[in-house]
Amino acid sequence: MQPLQSISIIGGGSWATALVKIFSESGIVVHWYVRSQEHVDFLQANGRNPNYLGFVQLNLDFIKPTCDIDKAIASSADILFAVPSAYLDATVEEMEEDSMQQKKMYVSIKGIVSGEFLIPSVFLSNRFNISVNGITVLAGPCHAEEIAMDKKTFLTVAGKDEVVVNRLKDAVRSHYINVVVNHDPIGVEYAAILKNVIGIASGMAKGLNYGDNFLAVIISNAMREIKNFLADIDDFDRDLFDSAYFGDLLVTAYSEFSRNRTFGNMIGRGYSVPIAESRMNMIAEGFPAVKGMYQAAMQHGTNMPVLSTVHRILYQHASPYIEFKLLETYLK
Numbered sequence: 144m145q146p147l148q149s150i151s152i153i154g155g156g157s158w159a160t161a162l163v164k165i166f167s168e169s170g171i172v173v174h175w176y177v178r179s180q181e182h183v184d185f186l187q188a189n190g191r192n193p194n195y196l197g198f199v200q201l202n203l204d205f206i207k208p209t210c211d212i213d214k215a216i217a218s219s220a221d222i223l224f225a226v227p228s229a230y231l232d233a234t235v236e237e238m239e240e241d242s243m244q245q246k247k248m249y250v251s252i253k254g255i256v257s258g259e260f261l262i263p264s265v266f267l268s269n270r271f272n273i274s275v276n277g278i279t280v281l282a283g284p285c286h287a288e289e290i291a292m293d294k295k296t297f298l299t300v301a302g303k304d305e306v307v308v309n310r311l312k313d314a315v316r317s318h319y320i321n322v323v324v325n326h327d328p329i330g331v332e333y334a335a336i337l338k339n340v341i342g343i344a345s346g347m348a349k350g351l352n353y354g355d356n357f358l359a360v361i362i363s364n365a366m367r368e369i370k371n372f373l374a375d376i377d378d379f380d381r382d383l384f385d386s387a388y389f390g391d392l393l394v395t396a397y398s399e400f401s402r403n404r405t406f407g408n409m410i411g412r413g414y415s416v417p418i419a420e421s422r423m424n425m426i427a428e429g430f431p432a433v434k435g436m437y438q439a440a441m442q443h444g445t446n447m448p449v450l451s452t453v454h455r456i457l458y459q460h461a462s463p464y465i466e467f468k469l470l471e472t473y474l475k
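Mapping of the sequence shown onto the numbering used here: residues 144 to 475, in sequence order.
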């Protein structure tokens, strides 16, 4: 298989912008789908995303922005979806099934698809009638802000097709990015979603004025919950200490860049969900993920006290203070 020469990236947020930066720096032509012509015009005139990571100067020699999704899809044999999970359904709604049959498809989305409560790879597999094993996952642990500043980062490329995985690995590797190869895309996707839920729990704890001592207990118990859940969904022999699993959890639980942690902090301080959402300029994907993951845990019979606590607070209007006092009795 030839080295990756071009790719279409679907999404205009901070993570999509970071990915555009990574690929274009490697000399790969990026056909970048964004939502509006105004966005396209600004990018072409200034080489910057007007809404996210605006301090990053992008190399327009390798970036072709467009607001025509059909044009973006037709421009490359490799398609990477990096939209927030809440918008994925609407984004692909009018795309023709035939247009994706011969494409190499990649997913870099850390959330549940709203309404159907599916992980993105399974949703796209169903939507375009392709094998889920043909979809490769690009994951963390990472924050877009640190990639924008060229800080040392480890990315995970997870997939079943080793040739495709290695091709993507070579495309994103750089002087500040190391790449870890993984063959458990479903587990990596679920771990990426669950870490956002735990990020919200960590933020809630901070908002309630718990200290680092308690936060360490929350996170260690959350690791057990993730371990049990992944064991319940399949029998894949995965090492959860790889960075794609617990590493991604830790950066979301502790980093000030974590939007899910920020969202949880506001809830812990007494903000309602609508007010907390209105005060953020980016989506906290952990919020809709809580509902989907709670249903998945019930379906698989997995006991997940941290997840259940966050679910009651966000979706049953329970008191964060009372719920965390009750959670204390379950933690080990």
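Beta carbons: idealized from backbone N, C-alpha and C, even for Gly.
State yes or no: is the C-beta of residue i within less than 8 Å of the C-beta of residue j?
i	j	result
Lys164	Leu201	yes
Phe266	Val256	yes
Arg412	Gly342	no
His326	Ala301	yes
Leu393	Ile369	no
Ile150	Ala225	no
Ile206	Ser167	yes
Gly429	Val340	yes
Ala282	Thr299	yes
Tyr458	Lys434	yes
Ala427	Asn403	yes
Val324	Val308	yes
Leu231	Pro208	no
Val453	Ala344	yes
Tyr176	Ala215	yes
Gln438	Phe297	no
Throw me the rounded Cβ distance for the residue i and residue j pair, which I believe falls under 8 Å.
i	j	result
Gly254	Ser228	3 Å
Ile273	Met238	Not quite, the Cβ-Cβ distance comes to about 13 Å (not below 8 Å), so this is no contact.
Ser179	Cys210	6 Å
Met248	Ile222	5 Å
Tyr333	Ile262	6 Å
Ser386	Pro284	5 Å
Asp375	Gly444	7 Å
Tyr319	Lys303	28 Å between Cβ atoms; not a contact.
Val449	Ile361	6 Å
Roughly how many angstroms lie between the CA atoms of residue i and residue j, to the nearest whole one?
i	j	result
Met436	Tyr195	28 Å
Asn446	Val173	43 Å
Asp382	Ser251	21 Å
Leu311	Asn371	30 Å
Tyr388	Ser398	16 Å
Pro146	Phe467	51 Å
Asp184	Thr405	32 Å
Met292	Phe198	9 Å
Tyr473	Asn321	38 Å
Asn276	Phe379	14 Å
Leu358	Ile336	19 Å
Ser264	Ile278	6 Å
Asp516	Gly354	Outside the modelled stretch of the chain, which goes from 144 to 475, sits residue 516, for which no answer is possible.
Ile171	Gln245	20 Å
Ser169	Met144	18 Å
Ser401	Gln148	32 Å
Val331	Ala348	25 Å
Asn424	Asn356	30 Å
His182	Leu162	17 Å
Phe384	Gly390	7 Å
Gln442	Ala432	15 Å
DSSP beta-bridge partners for residue i?
i	result
His224	For the sequence presented, residue 224 should be read as Phe rather than His. Answer is Ile153, Val250, bridged to Phe224.
Ala282	Thr299
Trp175	Ile152, Pro208
Asn371	DSSP, once it has assigned bridges, lists no residue as partnering Asn371.
Val323	Thr299
Leu261	Val256
Counting C-beta neighbours from all protein chains within 10 Å, is the total for residue i 16 or more, i.e. buried, or is it exposed?
i	result
Gly346	buried
Val306	exposed
Pro328	buried
Arg422	exposed
Ala188	exposed
Asn96	Residue 96 lies beyond the residue range present for the chain, which begins at 144 and ends at 475; the question has no answer from this structure.
Lys338	buried
Phe271	buried
Gly155	buried
His460	exposed
Ile456	buried
Ala233	exposed
Gly258	exposed
Ser462	exposed
Ile465	exposed
Ser363	exposed
Below 7 Å, is the gap between the Cβ of residue i and the nearest heavy atom of the ligand PLP?
i	result
Lys370	The ligand PLP is not part of the structure shown, which contains no ligands of any sort.
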